[in-house]
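Visitor:
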Amino acid sequence: MNTGMGRSICMWVTVTMFTHTTEQTPSVLYSTSATPPAVHAQQHYGGHMRNPLVRDYYPIEWRVIAVILGSFSHTGLDEGCCWGFFSSLFLHPPSCRIFRSPSHRVFPSLQVYEKEDSSTQMFLSHSGIHLLVLHPTRGDVMLAMQFLTHQPAEHRNLAACLRTLMPGRLLVVAAVPDAATFLAEDAVLGLEAMGASRIRNLAAFEAWAIVTHTPTSTHTPSLRDYMPSHSYTSSNNRSNNSTGPSRHPQEETSPSQEVSRGRVWGEAVTTIRRPDGIFGYPLSMDTRVPKVSGVWCKWHEDPHLQEQREFCDTYEGYVTLCTCVHPVTASVRHSAPEITMNEIIPVAMLTAIKPFNFYRQLLNLLETPGAAQTPILVMVDGANTEILRLVRLFGLDVLVHRPQGAPGTTTLLNMHFRFSVHNVFNFFPEVDKAIILEDDLLLSPDFLSFFQQTAWLLDVDPTIFCVNAFSVNSYREVAWDPTLLRRINMFPQFGWMINRRWAREQYRAWITEKTEASIIDGIGTDSIICVSVKSYNEFVSAIVEDIGDWDLWLSSENSLQGRHALVPEVGRTYHAGAAGAHVTGWAQEQLFNNMIFNQDPDVKLRGLEEYVTYGC
38 MNTGMGRSIC
48 MWVTVTMFTH
58 TTEQTPSVLY
68 STSATPPAVH
78 AQQHYGGHMR
88 NPLVRDYYPI
98 EWRVIAVILG
108 SFSHTGLDEG
118 CCWGFFSSLF
128 LHPPSCRIFR
138 SPSHRVFPSL
148 QVYEKEDSST
158 QMFLSHSGIH
168 LLVLHPTRGD
178 VMLAMQFLTH
188 QPAEHRNLAA
198 CLRTLMPGRL
208 LVVAAVPDAA
218 TFLAEDAVLG
228 LEAMGASRIR
238 NLAAFEAWAI
248 VTHTPTSTHT
258 PSLRDYMPSH
268 SYTSSNNRSN
278 NSTGPSRHPQ
288 EETSPSQEVS
298 RGRVWGEAVT
308 TIRRPDGIFG
318 YPLSMDTRVP
328 KVSGVWCKWH
338 EDPHLQEQRE
348 FCDTYEGYVT
358 LCTCVHPVTA
368 SVRHSAPEIT
378 MNEIIPVAML
388 TAIKPFNFYR
398 QLLNLLETPG
408 AAQTPILVMV
418 DGANTEILRL
428 VRLFGLDVLV
438 HRPQGAPGTT
448 TLLNMHFRFS
458 VHNVFNFFPE
468 VDKAIILEDD
478 LLLSPDFLSF
488 FQQTAWLLDV
498 DPTIFCVNAF
508 SVNSYREVAW
518 DPTLLRRINM
528 FPQFGWMINR
538 RWAREQYRAW
548 ITEKTEASII
558 DGIGTDSIIC
568 VSVKSYNEFV
578 SAIVEDIGDW
588 DLWLSSENSL
598 QGRHALVPEV
608 GRTYHAGAAG
618 AHVTGWAQEQ
628 LFNNMIFNQD
638 PDVKLRGLEE
648 YVTYGC
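Note that the working numbering has the sequence shown beginning at 38, numbered continuously upward.
Next up, the structure:
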């Protein structure tokens with residue numbers, strides 16, 4: 038692997054943050070930039086220069102950082118650099134924007150990232166951590182993500198994302214003043230592995246930014262990095278609770294202990310000057326960054342992997358696909374262990390704008406026993422080029438749905454699910470059943486086996502309309518036996534199997550297309566306190582009419598018509614998303630992160646005949 042420095046090309050990065058303040062007093066800036074900013078109104082403190090704007094309770098090394106960093110702020114930059122790029126980041130209440138121009142302070146600039154605020158709430162829609170990865174040679178954007186760390190659970194996604202970055206990439210991370218609210222230890226360790234030295238001391242409502250090259254050696258993540266450690270395994274047809282606290286694998290070890298640290302070219306933080314202040318002051322940072330030649334691997338010479346090499350040179354976040362040592366290739370499509378197949382049941386993978394989630398689930402599915410025997414159809418809501426190129430690498434079939442509905446409305450999801458449920462059977466005209474799979478899920482190793490064992494129940498009992506892999510009661514306190522099912526009244530959710538008859542019926546009667554989502558209004562407590570099936574159905578119908586979600590529609594009596602779903606006592610899927618269309622970070626942390634899901638690949642379900650209602 039070669040990540041050597043280029044000849045003499047440098048990038049100039051400017052980071053400017055504006056926060057919720059109208060006062061013009063300059064902020065304190067701590068920077069490892071090549072051109073340290075002037076330190077305003079410096080005074081001597083303990084033999085060092087002291088900035089009076091720094092909060093008194095900061096450690097001494099923070100108060101004198103401008104002096105300490107002065108001795109090495111030009112390290113590695115006095116090698117005859119000429120200017121290659123000039124980048125500017127502006128972060129203020131209305132928006133977050135990043136620009137790049139071809140040379141130092143040459144305009145006009147090309148805008149490479151923008152996040153506009155569309156919220157009137159306290160936490161703005163561009164809150165949290167903004168992460169941008171640029172190509173070290175061309176300056177192209179390879180990855181742009183936002184993590185709403187003012188909510189719980191998002192720190193896990195940030196930590197996982199940092200683990201997927203290839204070495205030698207130019208990484209720009211910016212934290213708006215509320216980013217530290219739920220920035221937990223795993224994310225802090227991940228940022229420190231990138232070279233950050235100030236993020237651990239970041240206080241609430243302070244701004245922080247860093248420009249760095251990712252470490253030259255990285256931790257290659259496995260699927261275990263995304264799975265909760267409190268999952269179930271089976272022993273003698275019974276499962277036992279795992280002991281110890283519920284932790285995710287990325288919290289168990291320090292990334293900074295596993296990998297070399299990133300090469301930092303600039304790091305800055307603003308502080309609150311006044312005791313009664315709320316938000317930090319504006320932050321500005323100029324940083325020169327030398328050009329890096331990028332990563333070269335031996336497999337790049339393989340003509341059969343040229344498309345994969347080009348993908349890795351365009352997009353970031355795929356270290357398992359792009360690593361120099363044993364990269365994942367299309368051969369994984371046919372590598373999964375075989376299982377007993379009673380019939381062909383294709384999997385429809387639904388995705389839209391989150392390649393990170395899709396790739397994580399794709400690897401999970403392809404390694405699941407039975408995957409090599411199972412047709413896979415990817416259903417993309419909109420022509421996302423990155424996802425389409427990724428699908429082509431693995432030789433999968435794909436259908437692209439033209440999005441219906443405005444961004445942020447329930448119509449987008451409603452119509453995409455309708456399209457997918459209908460067209461998976463059109464694409465596979467010979468099959469009678471299909472599995473619908475959302476992209477923010479992790480799968481148990483017996484995920485496909487579970488559906489193969491239960492498929493016949495949809496044939497013999499018309500009062501069963503679906504088999505669900507997810508269980509809303511899959512908590513360690515009440516879920517013990519992975520061999521058992523439950524027959525309940527619920528909608529299909531988070532990995533479900535249906536038959537052609539039900540899909541045809543629901544397609545004709547699907548919830549009507551709406552132009553925008555609405556909030557429940559006018560439903561009083563008398564409707565909420567349900568004492569009968571009739572009143573419950575009326576309540577659900579009222580919610581469906583007002584909100585218009587596809588899943589609530591399928592839980593209404595108009596859709597159910599007295600039918601039930603089968604769910605496992607111990608779930609076969611785990612919801613691993615946060616800050617999504619329906620699940621916030623709060624819901625993820627309080628509800629889903631405490632759930633468990635099966636980890637035994639050889640579970641044999643028992644007593645299936647007991648769930649059939651004969652004589653229907």
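Using N, Cα and C, we set each Cβ at its ideal position, and we do this for glycine too. The structure displayed is predicted, hence computed values, not measured ones.
Please report how far the alpha carbon of F454 lies from the alpha carbon of R300, in whole angstroms.
Guide: 45 Å
Visitor: Is it the case that the region 246-254 contacts the region 320-331, given that we only count it when at least three CB pairs across the two stretches are under 8 Å?
Guide: yes
Visitor: Relative to the C-alpha of Q398, which residue among L427, N379, D418 is closest?
Guide: Of L427, N379, D418, the residue nearest in Cα terms is L427.
Visitor: Suppose the cutoff is 8 Å on Cβ atoms and the five residues either side in sequence are ignored; what does the same chain contact list for P392 look like?
Guide: The residues are Y352, G354, N421, E423, I424, L427.
Visitor: Please classify L522 as buried or exposed, where buried requires at least 16 other C-beta atoms within 10 Å of its C-beta.
Guide: Its Cβ being crowded by 16 or more others within 10 Å, L522 is buried.
Visitor: Report the residue from E514, N505, A546 whose alpha carbon sits nearest the alpha carbon of M527.
Guide: N505
Visitor: Any contact between the region 372-385 and the region 209-220? By contact I mean 3 or more CB pairs, one from each, below 8 Å.
Guide: no
Visitor: Excluding the 5 residues flanking L185 on each side, which residues of the same chain have their C-beta closer than 7 Å to its C-beta?
Guide: S164, G165, E191, A616, G622
Visitor: Could you give the residue range of the beta strand (DSSP E) that holds R300?
Guide: Following the DSSP letters along the chain, one finds R300 inside the beta strand (DSSP E) bounded by residues 300-306.
Visitor: Quick check on this structure: which residue in V461, P519, A409 has the alpha carbon closest to the alpha carbon of S368?
Guide: A409
Visitor: Report yes if the CB atom of G532 is closer than 8 Å to the CB atom of R600, and no otherwise.
Guide: no
Visitor: Would you list the residues sitting across from M378 in a DSSP beta bridge?
Guide: Paired residues: none, contrary to the question.
Visitor: Which of the three DSSP states, helix, strand or coil, is assigned to C503?
Guide: Here C503 sits in strand by DSSP.
Visitor: Give me the DSSP bridge partner(s) of L358.
Guide: DSSP lists no partner for L358.
Visitor: Leaving out five residues before and five after W547 in sequence, what residues of the same chain have Cβ atoms less than 6 Å from its Cβ?
Guide: Here the set comprises R455.
Visitor: Alpha carbon to alpha carbon, how far is R137 from Q489?
Guide: So the alpha carbons of these two residues sit roughly 52 Å apart.
Visitor: So, using beta-carbon positions, are Q530 and F507 closer together than 8 Å?
Guide: yes
Visitor: Measure the CB-CB distance between S486 and P605 and report whether it falls below 8 Å.
Guide: no
Visitor: What is the DSSP secondary structure of H250, counted as helix, strand or coil?
Guide: Three-state DSSP puts H250 in a strand.
Visitor: Work out the CA separation of Q636 and H612 for me, nearest whole Å.
Guide: 15 Å
Visitor: Using DSSP with H/G/I as helix, E/B as strand and the rest coil, what is W533?
Guide: strand
Visitor: Taking the alpha carbon of P204 as the reference point, which residue from V170, D496, L226, A217 has its own alpha carbon closest?
Guide: V170
Visitor: Taking I382 and M534 to be in contact with their CB atoms under 8 Å, please state how far apart those CB atoms are, rounded to whole angstroms.
Guide: 7 Å
Visitor: Report back the beta-carbon spacing between T388 and V415 to the nearest angstrom; my notes put them in contact at under 8 Å.
Guide: 7 Å
Visitor: Here's the rule I'm using: 16 or more other beta-carbon atoms within 10 Å means buried, otherwise exposed. How should V356 be labelled?
Guide: buried
Visitor: Where do the ends of the alpha helix (DSSP H) carrying P173 lie?
Guide: Counting along the chain, P173 falls outside any alpha helix (DSSP H), and DSSP gives it neither H nor E.
Visitor: Under 8 Å between the Cβ atoms of Q183 and H172?
Guide: No, these two residues do not count as a Cβ contact at 8 Å.
Visitor: Please specify which runs of the beta strand (DSSP E), each continuous and at least 3 residues long, are wholly inside the region 382-417, giving them in chain order.
Guide: Here the runs fully enclosed are 384-388.
Visitor: If L195 and G227 are in contact, beta carbons under 8 Å, what's the gap, nearest whole angstrom?
Guide: 7 Å
Visitor: In the DSSP assignment, find the alpha helix (DSSP H) that holds T448 and state where it starts and stops.
Guide: 447-464
Visitor: How many angstroms separate the CA atom of F484 from the CA atom of K335?
Guide: 36 Å
Visitor: Within the present structure, is the beta-carbon of P529 separated from the nearest heavy atom of the ligand NAP by less than 7 Å?
Guide: In terms of ligand content, the structure shown is empty, and the ligand NAP therefore cannot be addressed.
Visitor: Bridge partners of V437, per DSSP?
Guide: V417
Visitor: Taking the CB atoms as reference points, tell me whether V384 and L474 lie closer together than 8 Å.
Guide: yes
Visitor: Just to confirm, are A633 and R513 a CB contact at a threshold of 8 Å?
Guide: The sequence given here places Ile at residue 633; Ala does not occur at that position. It is a contact, given that the beta carbons lie within the stated cut-off.
Visitor: Looking only at its chain, what residues have a beta carbon closer than 6 Å to the beta carbon of P282, apart from the 5 residues adjacent to it on each side?
Guide: Unreliable placement is indicated for P282, whose pLDDT of 29 sits below 50; no coordinate value is reported for it.
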